[in-house]
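Note sheet for the following structure.
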Amino acid sequence: MDPLTNVRVSMVVKVPRRLVKWWNMFTLLEQRDLKGKLGTLISLMDITPRLDLVEAMLIFWDPQGLIFKFGDLEMTPTLAEIAGLTRLPYLDKDLIYTRAHSSTKFLKIIGMDLENHMGCLDQSWVPLDFLFERFARPTGYETFVDEFSISHDSWKKRRPMVFAIALLGLLVFPLEGRHISTHLGSIAFALFHDKHSSKVTLVPTILIEIYRALTRILEGERLFEGSNLLLQLWMMEHLHPAAMFEKDVIDRCLRDRVNCIEHRMTFDKFALPLGVQAWVDYLGSLTEEKILWSYLWIDLDVILAGSRVQDFLVLIGLWCTRPYTPARVMRQLGRHQEVPYIPDSHDFIREFDTMPHKEVDI
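My numbering numbers the first residue of the sequence shown as 118 and each following residue consecutively.
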């Protein structure tokens, strides 16, 4: 059996062809604008999933501290790292609060008004095919004109936003069966709204849902509802110590960190283990000198380390809130690591009320 597929956890295994086809239907100008909103999340469509690495990492996750413990070493994804990987801003930005929209509200966001009821919308999800047929194809508006409550010009303007909903729902905040959460309507609206887009950040939402997904898997959940693609890239970058880099390689690195890390794996010297057990053995034997503690390309002049009231921050995800305690991993943020004071932040681990995502007729 292929060691890359011998895993027990359900994650993003491949990118739907229709999502890639949809991306290629946009003009270069539209693609540039989308990259301005979504950063290198677009590049996740080019990544080879390494499911064995992510499953092995689960063994080392501490759900109480929201941190990986590799022997005596502690690491966890940080806001600065996720922001650097995705090229999305997070400093001096507002959190996005996601709302559990009704089916009517979600349809209004994307400019639709259906007479025939869709049962899946009552379960807070929509299939990719539904969005693709209506917003990807150039003839989507004319074909389904009776379902739209907006003009053709407004439809053209909303196409990138609806693509963003699809990409986020399939690669960043996935649900079972490739369902796309309608909760993402409020996120996309905030990212694409003229008055709000420059004021908000998606970075904390991404980070907190990775934390949540790691913990829920240990609690028995089968589906990894965070971005396993970003998690694997985060880990792989820390496993390439500075001594492995050559100047010419760094100089030729793409500005797109996602594609850069993927490209680097074609070099023999950057080879990493294959298979869950091989990864468990490798991660369990990590020593300080085998880790690139602070990314070479990240800007760490200013970081978020806490608040005036407490030594941690409370961040809002798509489905939850979680405390964020960077004091435990200051070495990753280019600072001297001291033994941190670990505050009791369990009261800030909360789940939002959500509806189950069941298979229903559409």
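Where is the CB? At the ideal position from N, CA and C, for every residue including glycine. Note that the coordinates shown come from a computational prediction; the quantities given were computed from them, not determined experimentally.
Inter-residue spacing [alpha-carbon to alpha-carbon] between residue i and residue j
i: residue 198; j: residue 135; result: 30 Å
i: residue 296; j: residue 243; result: 6 Å
i: residue 235; j: residue 220; result: 9 Å
i: residue 268; j: residue 164; result: 36 Å
i: residue 467; j: residue 259; result: 44 Å
i: residue 180; j: residue 463; result: 11 Å
i: residue 359; j: residue 186; result: 22 Å
i: residue 142; j: residue 450; result: 39 Å
i: residue 465; j: residue 440; result: 6 Å
i: residue 398; j: residue 298; result: 36 Å
i: residue 420; j: residue 442; result: 12 Å
i: residue 206; j: residue 280; result: 21 Å
i: residue 469; j: residue 182; result: 20 Å
i: residue 300; j: residue 385; result: 42 Å
i: residue 335; j: residue 125; result: 12 Å
i: residue 170; j: residue 257; result: 40 Å
i: residue 368; j: residue 377; result: Confidence in residue 368 is poor, its pLDDT being 48 and thus under 50, which makes the residue's placement unreliable; the coordinate value appears in the next sentence. Rounded to whole angstroms, residue 368 to residue 377 spans 11 Å at the Cα level.
i: residue 391; j: residue 161; result: 21 Å
i: residue 225; j: residue 379; result: 38 Å
i: residue 168; j: residue 202; result: 19 Å
i: residue 318; j: residue 263; result: 35 Å
i: residue 137; j: residue 148; result: 12 Å
i: residue 401; j: residue 395; result: 10 Å
i: residue 248; j: residue 266; result: 15 Å
i: residue 349; j: residue 454; result: 24 Å
i: residue 231; j: residue 272; result: 15 Å
i: residue 184; j: residue 388; result: 25 Å
i: residue 425; j: residue 204; result: 27 Å
i: residue 311; j: residue 274; result: 12 Å
i: residue 408; j: residue 373; result: 22 Å
i: residue 338; j: residue 344; result: 15 Å
i: residue 427; j: residue 240; result: 38 Å
i: residue 188; j: residue 382; result: 26 Å
Residue i and residue j closer than 8 Å at C-beta
i: residue 250; j: residue 291; result: no
i: residue 433; j: residue 307; result: no
i: residue 215; j: residue 304; result: yes
i: residue 488; j: residue 351; result: Residue 488 is absent from the structure shown; the chain starts at 118 and stops at 479.
i: residue 200; j: residue 320; result: yes
i: residue 151; j: residue 277; result: yes
i: residue 157; j: residue 375; result: yes
i: residue 131; j: residue 211; result: no
i: residue 245; j: residue 223; result: no
i: residue 293; j: residue 340; result: yes
i: residue 196; j: residue 324; result: yes
i: residue 190; j: residue 405; result: yes
i: residue 128; j: residue 166; result: yes
i: residue 154; j: residue 261; result: no
i: residue 423; j: residue 430; result: yes
The beta strand (DSSP E) enclosing residue i, as first and last residue numbers
i: residue 192; result: 190-192
Beta-bridge partners of residue i, as assigned by DSSP
i: residue 431; result: 440
i: residue 187; result: 190
i: residue 203; result: In the DSSP output, where bridge partners are listed per residue, residue 203 has none listed.
i: residue 280; result: According to DSSP, which records beta bridges pairwise, residue 280 is partnered with nothing at all.
i: residue 298; result: 242
i: residue 389; result: Answer is none; residue 389 lacks a bridge partner.
Extent of the continuous alpha helix (DSSP H) run through residue i
i: residue 258; result: 257-260
i: residue 351; result: 345-355
i: residue 328; result: 320-335
i: residue 305; result: 301-309
i: residue 399; result: 393-401
Q. Touch check for the segment 169-186 and the segment 277-289: three-plus C-beta pairs under 8 Å?
A. no
(Q) Counting beta carbon pairs with one atom in the segment 428-447 and one in the segment 319-335, are three or more of them shorter than 8 Å? (A) yes
Q: Mind the definition here: the segment 403-412 touches the segment 347-361 only if three or more C-beta pairs lie below 8 Å; say whether that holds.
A: yes
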